[in-house]
Amino acid sequence: MTPGDLDGVVAVARIAFPDHPEGRACFAERLTLAPGSCFVLEGAQGIAGYLIAYPWPLEAIPPLDTLLGGLPDKRDSWYLHDLALLPEARGGGNARAGLALLFTKLDAPIALVSVNESAAFWQAQGFEPQDSPALKAKLSSYGPDARYMVRGAPNPG
Ligand SMILES: CC(C)(COP(=O)(O)OP(=O)(O)OC[C@H]1O[C@@H](n2cnc3c(N)ncnc32)[C@H](O)[C@@H]1OP(=O)(O)O)[C@@H](O)C(=O)NCCC(=O)NCCS
217 MTPGDLDGVV AVARIAFPDH PEGRACFAER LTLAPGSCFV LEGAQGIAGY LIAYPWPLEA
277 IPPLDTLLGG LPDKRDSWYL HDLALLPEAR GGGNARAGLA LLFTKLDAPI ALVSVNESAA
337 FWQAQGFEPQ DSPALKAKLS SYGPDARYMV RGAPNPG
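Taking our numbering, the leading residue of the sequence shown gets 217, the next gets one more, and so forth.
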């Protein structure tokens with residue numbers, strides 16, 4: 217992803233996440249903070265999908281539609297903020313391919329909040345739901361089907 221892709225990214229986000237709108241400045245900031253882990257899928261008509269991830273502590277969920285102001289000093293886990301495709305780009309393996317690219321780059325646990333009833337999709341990609349009482353209130357603001365999920369979580373103890 218580059219700054220020139222941001223209009224396309226915002227357009228995909230509006231379609232993919234109608235219930236969780238986020239401003240352009242949030243996407244721009246994430247790209248500035250973590251350019252090596254933000255990707256776009258180029259379609260024939262422009263940006264057809266995107267993926268945004270950045271370093272973030274486990275057991276914490278960044279606030280929606282809010283500037284982060286910086287990244288944590290500790291870089292031992294990642295937060296997958298968004299993976300979204302236009303409807304016409306779905307169902308052909310694009311999401312799987314994007315994640316495969318991300319997994320080759322990141323060597324640490326990856327966490328996310330699954331919405332849009334996508335938990336089964338994430339589980340097939342190696343993410344496991346984590347029950348965290350501390351996150352309950354924040355998760356509820358994402359809607360009733362929201363789940364906190366982690367791939368490669370450290371073993372307890
Ligand atoms: C979720 C999303 C990224 C999946 O994209 P996609 O292009 O359909 O995914 P792929 O074609 O790469 O599918 C990979 C596998 O996941 C499966 N899958 C896709 N969506 C699924 C879902 N919602 N639930 C369960 N499995 C799903 C596919 O059948 C495929 O299975 P296979 O490996 O057995 O063939 C896409 O539907 C999307 O952009 N949705 C809107 C945004 C969104 O909800 N993002 C995730 C929110 S956290």
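Using N, Cα and C, we set each Cβ at its ideal position, and we do this for glycine too.
Cβ pair residue i, residue j closer than 9 Å
i	j	result
VAL256	LEU249	no
LEU301	ALA227	no
VAL331	ALA369	no
ASP281	CYS242	yes
SER293	ALA335	no
CYS254	ALA269	yes
PHE229	ASP298	The question names Phe, but residue 229 is Ala in the sequence shown. In contact: ALA229 and ASP298 (Cβ atoms closer than 9 Å).
GLU275	LEU322	no
TYR295	PRO279	no
ALA311	PHE337	yes
LEU284	ARG240	no
VAL329	LEU287	no
Residues near residue i in its chain [Cβ-Cβ closer than 6 Å; skip 5 each side]
i	result
PHE343	MET365, ARG367
LEU315	GLN341
ASP221	VAL256, ILE263
PRO234	none
As assigned by DSSP and simplified to three states, the class of residue i
i	result
ALA305	helix
LEU287	coil
PHE343	coil
ALA336	helix
GLY359	coil
GLY259	strand
ALA313	helix
LEU318	helix
LEU247	helix
ALA369	coil
GLY265	strand
LEU280	coil
Boundaries of the alpha helix (DSSP H) in which residue i is found, first to last residue
i	result
LEU274	Careful: LEU274 lies outside any alpha helix (DSSP H) and carries neither H nor E.
VAL228	222 to 232
Sequence-distant residues of the same chain with beta carbon closer than 8 Å to residue i, five excluded per side
i	result
ARG291	PRO271, ALA324
GLY252	LYS321
PRO303	ILE231
Contacts around residue i, its chain only, beta-carbon distance under 7 Å, and the 5 residues preceding and following it disregarded
i	result
SER348	GLU275, TYR364
Boundaries of the beta strand (DSSP E) in which residue i is found, first to last residue
i	result
ALA324	It is not in any beta strand (DSSP E) - ALA324 carries neither H nor E in the DSSP assignment.
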